[in-house]
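Colleague: Below you will find the structure I want to go over with you.
In the numbering used here, the protein residues as written are 136 to 565.
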């Protein structure tokens with residue numbers, strides 16, 4: 136009312152309110168950009184708790200050996216989840232990135248232009264984002280933040296703490312829920328899951344191609360230039376013209392990079408070796424999948440599906456008898472014969488995971504998460520879904536979530552029952 140006269144209509148009042156909201160939204164973006172630009176100034180990036188601090192704190196040979204052994208077995212998983220209200224549109228993310236750089240460089244002219252651009256860029260689309268839209272927004276962070284940052288961290292650790300060695304597993308693993316979380320978003324379907332997996336791989340290949348182009352400009356030596364050029368061309372074809380069928384395998388990619396590395400060491404005084412090692416480190420981290428697409432569904436859905444496809448009388452059995460039936464059943468389901476619905480959609484998740492593993496590698500989708508897990512039967516039911524689709528020995532980790540207090544109290548007994556079950560124990564060995 137302070138900014139309107141007494142004759143203002145309801146429409147004018149609402150319009151002014153939304154202009155205030157737009158102003159506040161853009162103020163928040165500006166603060167985000169300023170914080171990003173000043174982060175290295177107001178924080179000691181090599182202070183206590185940093186990788187440099189860890190390196191400097193391990194003075195004795197014994198401590199260095201213990202740290203090296205620890206890192207060889209260590210792995211941390213960062214999982215990206217999403218909600219439609221928790222991310223900026225892609226155009227705004229791009230402006231934040233450019234604005235951050237302009238602030239760092241004190242480029243007042245560019246800052247003014249970017250703020251003007253920000254004022255004319257919509258923050259909210261008229262249509263609700265699809266699960267695929269959510270995934271695309273988060274893939275932006277993988278491409279523009281995690282790819283480079285994780286690569287630099289691993290390069291530093293390998294060079295300064297592990298004497299150039301790789302661990303038994305990736306130091307950093309990325310998990311990804313958008314496009315796979317069926318319990319959290321009922322609009323996620325098999326098509327979305329496969330599209331997100333393809334997007335993850337395609338964006339990763341484009342990241343690899345940018346790095347390969349930089350290497351190609353540096354590695355202009357005899358015996359090396361042709362190898363780099365050939366590898367760069369394969370990555371380029373896979374990233375831009377493959378249509379889902381890439382022209383290089385993960386082992387071929389790593390073998391080619393290691394071959395180039397050996398020639399550079401043997402014949403070219405290790406020139407630009409650190410650049411080659413950084414790319415090799417990224418390939419070890421991200422494979423051909425970028426992030427593991429986690430599939431999640433509620434245990435109640437599994438029970439409904441199992442009850443529909445199991446033999447008559449299944450629901451009359453007690454828990455141990457149901458587990459025994461699931462472990463020994465030879466039932467196989469032809470998905471083409473099923474009507475559209477929850478049963479077919481749930482079984483298609485298992486088939487989609489196998490398809491993703493064939494295209495992106497095992498780490499592309501190897502975690503099936505059960506929401507509201509209450510019993511050992513819930514885990515066996517989820518595992519059995521894969522066998523019912525014909526995937527006899529699924530390379531999938533079944534992850535039960537104990538989400539309420541009562542389930543947490545029972546979790547120890549549930550897991551003990553699983554670990555002592557021969558069927559489940561054999562699955563764990565694989």
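A virtual CB, placed ideally from N, CA and C, is assigned to each residue, including glycine.
Does DSSP put residue 223 in a helix, in a strand, or in coil?
Modeller: coil
Colleague: How many Å lie between residue 559 and residue 458 at the Cα?
Modeller: Whole-angstrom Cα-Cα distance: 10 Å.
Colleague: Looking at the secondary structure, which residues open and close the alpha helix (DSSP H) in which residue 381 lies?
Modeller: That residue, residue 381, is in no alpha helix (DSSP H); it is neither H nor E in DSSP.
Colleague: What residue range does the beta strand (DSSP E) around residue 303 cover?
Modeller: Per DSSP, residue 303 belongs to no beta strand (DSSP E) and is neither H nor E.
Colleague: What's the C-alpha gap between residue 255 and residue 248?
Modeller: 11 Å
Colleague: Would a C-beta distance cut-off of 8 Å place residue 200 and residue 426 closer than the cut-off?
Modeller: no
Colleague: Residue 428 bridges to which residues according to DSSP?
Modeller: 311
Colleague: As a quick exercise: from 304, 261, 143 and 172, pick the residue whose alpha carbon is nearest that of residue 204.
Modeller: 304
Colleague: Here's the rule I'm using: 16 or more other beta-carbon atoms within 10 Å means buried, otherwise exposed. How should residue 488 be labelled?
Modeller: buried
Colleague: Where are the alpha helix (DSSP H) runs, 4 residues long or more, that stay fully inside the region 483 to 531, in chain order?
Modeller: 511 to 523
Colleague: Given a cut-off of 8 Å on the beta-carbon distance, is the pair residue 533 and residue 518 in contact?
Modeller: When the beta-carbon positions are compared, residue 533 and residue 518 come within less than 8 Å of each other.
Colleague: Apply the 10 Å Cβ neighbour rule to residue 152 and answer buried if 16 or more other Cβ atoms are within range, or exposed otherwise.
Modeller: exposed
Colleague: What is the rounded straight-line gap between the Cα of residue 497 and the Cα of residue 237?
Modeller: 41 Å
Colleague: If you drop the 5 nearest sequence neighbours on each side, which residues of the same chain put their C-beta closer than 7 Å to that of residue 529?
Modeller: 521
Colleague: Going straight from the alpha carbon of residue 170 to that of residue 505, what length do you get?
Modeller: 38 Å
Colleague: Pull up the DSSP beta-bridge partners for residue 433, would you.
Modeller: 506
Colleague: Between the C-alpha atoms of residue 220 and residue 405, what's the straight-line distance to the nearest angstrom?
Modeller: Because residue 220 carries a pLDDT of 49, less than 50, the predicted location of this residue cannot be relied on, and no value is offered for it.
Colleague: Report the three-state DSSP secondary structure of residue 458 (helix, strand or coil).
Modeller: helix
Colleague: Buried or exposed for residue 557, please, with buried defined as at least 16 other CB atoms from any protein chain shown within 10 angstroms of its CB.
Modeller: An exposed status is given to residue 557, since fewer than 16 other beta-carbon atoms sit within 10 Å of its beta-carbon.
Colleague: Return yes when the Cβ of residue 163 is within less than 8 Å of the Cβ of residue 227, no when it is not.
Modeller: no
Colleague: What does the alpha-carbon distance come out to for the pair residue 323 and residue 311?
Modeller: Approximately 14 Å, taken between the alpha carbons.
Colleague: Between the region 467 to 487 and the region 395 to 414, do at least 3 Cβ pairs fall closer than 8 Å?
Modeller: no
Colleague: Beta-carbon within less than 6 Å of residue 187's beta-carbon, same chain only, minus the 5 sequence neighbours each way: which residues are those?
Modeller: 181
Colleague: Using DSSP with H/G/I as helix, E/B as strand and the rest coil, what is residue 473?
Modeller: coil
Colleague: Mapping DSSP to helix, strand and coil, what is residue 242?
Modeller: The three-state secondary structure of residue 242, taken from DSSP, is coil.
Colleague: Let me know the secondary structure DSSP gives residue 155 once reduced to three states.
Modeller: helix
Colleague: When we look at the beta-carbon of residue 363 and count the other beta-carbons within 10 Å, is it buried (16 or more) or exposed?
Modeller: buried
Colleague: Taking its Cβ as the centre, do 16 or more other Cβ atoms sit within 10 Å of residue 149, making it buried, or is it exposed?
Modeller: exposed
Colleague: Residue 321: which of 540, 433, 211 and 250 sits nearest, CA to CA?
Modeller: 433
Colleague: Considering only C-alpha positions, which residue in the set 419, 397, 403 and 554 is nearest to residue 384?
Modeller: Checking every option, the nearest Cα to that of residue 384 belongs to 419.
Colleague: If we count the other Cβ atoms within 10 Å of its Cβ and call it buried at 16 or more, is residue 348 buried or exposed?
Modeller: exposed
Colleague: Between which two residues does the alpha helix (DSSP H) harbouring residue 549 extend?
Modeller: 540 to 554
Colleague: Apply the 10 Å Cβ neighbour rule to residue 388 and answer buried if 16 or more other Cβ atoms are within range, or exposed otherwise.
Modeller: If you draw a 10 Å sphere on the C-beta of residue 388, you find 16 or more other C-beta atoms in it, and that means buried.
Colleague: If contacts are defined as beta-carbon pairs under 8 Å, then residue 537 and residue 508 qualify, I think. What distance do you get, rounded to the angstrom?
Modeller: The distance from the Cβ of residue 537 to that of residue 508 is about 6 Å, consistent with a contact at the 8 Å cut-off.
Colleague: Could you check what DSSP says for residue 215 in three-state terms: helix, strand or coil?
Modeller: DSSP places residue 215 in the strand class (E or B) of the three-state scheme.
Colleague: Rounded to whole angstroms, what's the CA-CA distance from residue 478 to residue 368? Just pull it up for me.
Modeller: Residue 478 and residue 368: Cα-Cα distance of roughly 44 Å.
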